[in-house]
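Below you'll find the structure, written out as C-alpha cells, and then a few comments.
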Amino acid sequence: MASRPTVSQRSLLRDVALVATCTTAMVVNISNSTSIAISLATIGRGLNIQEDQLQWLLSSYALSSGCLLLFFGRLADLYGRKKGFLLGMLTQAIFAVGCGFAPNGITLDVLRAFQGLGAAAAIPSALGILAHSFPPSRARTIAFTTFAAGAPIGGAFGFVIGGVVTQFSDDHWRATFFVAAGLCTLTFLGGIASMERDVIDYNVDRRVDWIGASLVTVGLVLIVFVLGQGQIASQGWGTPYIIACLVIGVLLLAVFLVWEHHLEKVLEDPHKEKSFWTPPPLMRLSLWARANGQLAVVLIIAFLNWCGFLSWSLWVQLYYQNYVQLSPVHTMVRFLPMLVTGLLCNFFVALVVARLPLVVFFVSGTVITACAAILFALIDPSASYWAFGFPSTVCIVFGADFVYSAGTIFLAKVANPGEHSVVGALFQTMTQIGSAFGLTLTTITFNSVVTSESKKMGIPVNLAGSNAADLKGYKAAQWTAAAFPLLAAILAAIFLRNVGIVGHKNNRADAESDKTVAAEPGTPQIMSEKPTPLQSVQSIV
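Going by UniProt numbering, the residue at position 41 of the sequence shown is 41; the numbering climbs one at a time, nothing skipped.
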C-alpha cells in the first residue's frame, strides 16, 4: 500500500495567508461578473454595442470559465494545484488589462472569454489546495466557509466598483478591469508566498483524457451558447443554428458520458493494457453515486439554487434601473445588505456546521432564497424599500452561502485526495450551468408575459417600458426564480435527511475520520500527524 504523505506543518500566519489568498480568488471571480453587469448600459454606449448583444459581455466569461472547469480541475490534480492557481490568476490579470483597453465590443467579448479561462484554472485549484492543506477538522470548516464568503463579498464589491465608476463617467467603466487586474496580481503574489510547492505523485497514472475533455467542453459550450443566445436570435428558439447547436451539444454530452463509462470499465479491468486511447476518465461516473448517490443530489441542488439566485439578481437590477429609474449608484446601495448577510451566514456555518446535519442548511437556505424571490414577485412599487426590497436582499444569499459552504465541506469529505479539484470543478460547473439555465427560463417568462400584457393594453411591444406590462413581467420572472430553490428544498428534504453532520467537532473525531475514510485502490491518502496551526484558533468560532 502506498504510504501516506504528511502535510507539512505551516505557521498560523501562512495558514491565514493561504485561506485569504484562495478567498480573494473567489472575490475576483464573482466581482468579474457583477461589476460588468451593473455597467452594461454604460459600456454599450461607450463602445456602440447593440443592446441585444450586451449580454455577451457576461456570457463569454461564463462560457469559458464554466465549460473548462472540469478539464482544468483534472489537470490541477495531475500536474499541480499551485501551478494551476498561479497560471489562472496571471491569465486573469493579463486579460483584465486588455479588457480595459478594448477598442470595440467584439474585442472586449474575446478578451472576456480569455479572462474566464483564468477563473476556470484558479477556482478548482483553490478548492483542491484547501482540501489538501486542511484535513477533515474544524480548521477545514473555517477554511471552506471563509472561501465561500468570497462569493457575497465579491458580489457586493463588484456592484460597488461597477456602480460608482459607472455613475460618474461613461469612460470610467474601464477602471473596473484595472481594479480586477490589480486584485489578480495581488492574489498571484499571495499564492507564491502562501502556497506550498506542488508535490507530484509520479506513481499516479498521468495520462489525460483528451477525448473526454474535448467532448464535454464543446458540448457545454454549445449548450450554454444556446441558453444565452436562443431568446435573442433572429427567429428565437426556432432559429436553425440554435436548434443545430442544441442537438449537437446534447449529443456530445451523451457521447461523453458513454466514453467516460467505457474508460472507467477499462480502468477497473487489470488485464487491459494501458494505451493512449484508454487513459483514466476525466470524470468517473461512479463519482455521482458516491455516498449512496447523495453527492449527485448535492450537485443538483447547487444547480437549482443558482438558477434562482442569479435570476433574482438580474431581474432585481433591471427592476431598479429600468422600472424605478434609479441610478447605478442608488441601485448598488440597495444590494449592499447582501454583503453583510453573506458574511454572517458563513460565520454561522462555521459556528454550527459541527452541530447541525447537512439537510438543515440545505432546506433552510433554499427556502429562504425562494422567499426572497417571492417578496419581489409580490412587490408594491409604491411601498418603501424597507417593505419588500430590503428583506428580499437580506434573504437571497442564505441559499447560496449555506449550499456553497456546507456543500463544499461535504464534497471534500467524500472525495478522494486525488480528485479534490475535479469535484470542486464539478460543483462550480453545475452552478455556472444553473445560472445560465435559470436566466434563460426567467427571460422566456418575462418576454412572454410582457408581450401578452402589452397586447392586452394595446401597447407596441417594442415601445413597452416602465409600464404595468414590464412590472408584471418582472414579477412573473421572480415567481419562476422562486420555483428553482423550492424544488431544491424538496429534494434536500427527501434525499439528504440521513446525511448527518459534515463538520468536525474535535481533533479526536478528526483522527477517527481520517482512519475510516477509504480511498480508491492505488490513491494515496493525505493526512496530517498533528493539527495544523489554524486548528489552534478554532475556539474563536
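Every residue, glycine too, gets a C-beta built ideally from N, C-alpha and C.
If only complete runs of 4 or more residues are kept, the stretch 21-77 shows the alpha helix (DSSP H) at 40-47 and 56-67, in order along the chain. V16 and M26 have their C-alpha atoms some 16 Å from each other. Look at A289 here: in three-state DSSP terms it is helix. Looking from the CA of A489, the closest CA among G399, F376, A244 and A149 belongs to G399. The three-state reading of DSSP puts P103 in coil, since its state is none of H, G, I, E or B. Short of 6 Å from the beta carbon of K472, and not among the five residues preceding or following it, lie these beta carbons of its own chain, in chain order: V449 and E453. A check of alpha carbon separations from G118 across C67, I49, N104 and T341 identifies C67 as the nearest.
A distance of 9 Å or more separates the beta carbons of V297 and L69.
In the DSSP assignment, M430 falls within the alpha helix (DSSP H) that extends over H420 to M457. No Cβ-Cβ contact shorter than 9 Å links A302 with T443. Cβ-Cβ distances below 7 Å link V218 to L252 in the same chain, with the five nearest sequence neighbours on each side left out; the list follows chain order. Distance from the CA atom of G88 to the CA atom of S194, rounded to whole angstroms, is 16 Å. Contact annotation: I142 and C22 have beta-carbon atoms that are not nearer than 9 Å. Contact check for R207 and P281: beta-carbon distance about 11 Å, past the 8 Å limit, so the pair fails to qualify. In the assembly as shown, F276 is an exposed residue. Its beta-carbon has fewer than 16 other beta-carbons within 10 Å. T366 is the residue among A406, T366, K456 and S384 whose C-alpha sits nearest the C-alpha of A493.
Pairing P152 with C345 gives a Cβ-Cβ distance under 9 Å. The Cβ-Cβ distance between L310 and G438 falls below 9 Å. In this structure, S35 keeps its C-beta atom at 9 Å or more from the C-beta atom of G116.
The stretch 413-431 and the stretch 281-294 touch, with three or more beta-carbon pairs separated by less than 8 Å. S286 has its alpha-carbon roughly 25 Å from the corresponding atom of L222. In this structure, the CA atom of G230 is about 6 Å from the CA atom of I242.
A Cβ-Cβ separation of about 7 Å places Q317 in contact with I38 under the 8 Å criterion.
Taking 9 Å as the cut-off, the Cβ atoms of A350 and S405 count as close. For the pair L336 and L314, the Cα-to-Cα distance works out to about 15 Å. The criterion of a C-beta distance shorter than 9 Å is satisfied by V397 and G342. 9 Å or more divides the Cβ of I192 from the Cβ of G105. Nearest to F144 by alpha-carbon distance, out of F114, L57, T91 and V403, is V403. By the 16-neighbour rule on beta-carbons within 10 angstroms, G238 is exposed. In this structure, the alpha-carbon of H271 lies about 33 Å from that of V250.
At a Cβ-Cβ threshold of 9 Å, S33 and F85 do not count as neighbours.
Between the alpha carbons of T187 and E196 lies a gap of roughly 15 Å.
In the DSSP assignment, L215 falls within the unbroken alpha helix (DSSP H) covering W210 to Q229.
Sorting R138, A233, A76 and S60 by C-alpha distance to the C-alpha of F114 places S60 at the top. Pairing A354 with S65, the inter-Cα distance amounts to about 32 Å. The beta carbons of I374 and A482 sit about 5 Å from each other, so the pair counts as a contact at 8 Å.
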